[in-house]
Each structure stands twice: as C-alpha cells, then as structure tokens.
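The block underneath contains the structure these notes are about, expressed in structure tokens.
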Amino acid sequence: MRRRLIEDLMVALTDLQNASEMADAAISERMGLNRTDSRCVAYLITRGPMASGELAELAGLTPGALTVAVDRLERAGFAERARDVADRRRVLIHPTDKARTLAEDAWGQAVRESEAQFSAYSDDQLSLLSDFVRGQVAQQRRVAERMRATPL
1 MRRRLIEDLM VALTDLQNAS EMADAAISER MGLNRTDSRC VAYLITRGPM ASGELAELAG
61 LTPGALTVAV DRLERAGFAE RARDVADRRR VLIHPTDKAR TLAEDAWGQA VRESEAQFSA
121 YSDDQLSLLS DFVRGQVAQQ RRVAERMRAT PL
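Numbering of the sequence shown is given in UniProt numbering, commencing with residue 1 and proceeding in unit increments.
Structure, rendered in structure tokens:
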C-alpha cells in the first residue's frame, strides 16, 4: 500500500512538472520572452525587487548571464534597475507596471484557483505541503547542479 502511494505521488509530481513546463512555455510565448527571462520576471513579481546576485542565484544564472537577461528585460519594458534607498551602493532590479499587468494576465487566474483549492486544507496541512514543496524545489536544484557539473 505505502509503495503504491509513493509511486502515485511520484507520477503526480512528474505530471505537475510537465504541466508547469507547458504553462511556463505558453506564458513566456505570450509575454514575448524566452524562458529564462520569463523566469526572472516571475521571481521579481513573486519576491519583489532584489539585487542581481539574489536574482541570479534564484534563476540559476551566472552573474554575466543575468546582466544580459536584465538588459533584455529592460529593453522589453519588464524590469528596471534602481539604486537601493537603504544602501545607495546597491542596485535593485524591479518589475515594471507592464510586468505586473502581464503577470496578472498570465498567472492571476491560476493564483485564484490555487487559493480556492488551498481553502480546503487546514493550517497544518498547508504547512506540510509548503515543507514538501520547498524540499522538492531544493531537490530539483540539486539535480540541475549535478547535471551541469557531470559530463556525459
């Protein structure tokens, strides 16, 4: 019984990853962005303005690759660089109103549907799900790092 539950969960996770991949591709196409740039916009929308090093780490990019991505996002009107008011030496990357509008169009309905689904769960269940998802994110990041570091 337990083995079957684990197998079902693994299949469900694979289905979720594949469906997320399809949704992300459709959103990127609608926004006129490549997948990397779209991922950066998603982080800026969900996490707020951040320094380039933070965004590079989240997006899995080198600092140089992130600079190129932010340059593209600025040209497309999705991001802007601005001095940090708390530390004038630091530059933060901000999402623009255009990015926020397109994010609402792209992800707003999905967010509302997820919130409706979450309403059926207790606080303890939501905490468990959050812990599980964070663990899966960490595991997927380790897979990506391992694949990049290991030659064929």
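Backbone N, C-alpha and C define an ideal beta-carbon position, used for all residues, glycine too.
Treat the numbers as computed from the prediction; the structure is a model and nothing was measured.
On the three-state DSSP scale, how would you describe residue i?
i, result
"M10", "helix"
"A82", "strand"
"L92", "strand"
"L33", "coil"
"D87", "coil"
"M22", "helix"
"D152", "Correcting the residue type first, residue 152 is Leu in the shown sequence and not Asp. Looking at L152 - three-state DSSP - the assignment turns out to be coil, as it is neither helix nor strand."
If you follow the beta strand (DSSP E) that residue i is in, where does it begin and where does it stop?
i, result
"P49", "Unbroken run through P49: none, as it is neither H nor E."
"P63", "Run containing P63: none in the beta strand (DSSP E); it sits in the alpha helix (DSSP H), P63 to A76."
Tell me the residue span of the alpha helix (DSSP H) that contains residue i.
i, result
"L102", "D97 to F118"
"L129", "D123 to A149"
Excluding the five sequence neighbours on either side, which residues of its own chain have a C-beta within less than 8 Å of the C-beta of residue i, listed in chain order?
i, result
"R141", "G60"
"R90", "A51, R83 and D84"
Quick check: is the beta carbon of residue i nearer than 8 Å to any beta carbon in chain C?
i, result
"A19", "Here chain C cannot be found, since the structure has a single protein chain."
Apart from the five residues on each side of it in sequence, which residues of its chain come closer than 6 Å, Cβ to Cβ, to residue i?
i, result
"R72", "D37"
Below 8 Å, can you find three or more Cβ-Cβ pairs linking the stretch 38-54 to the stretch 11-20? no
Taking contact to mean 3 or more Cβ pairs, one atom from each stretch, closer than 8 Å, check whether the stretch 28-39 and the stretch 59-76 are in contact. yes
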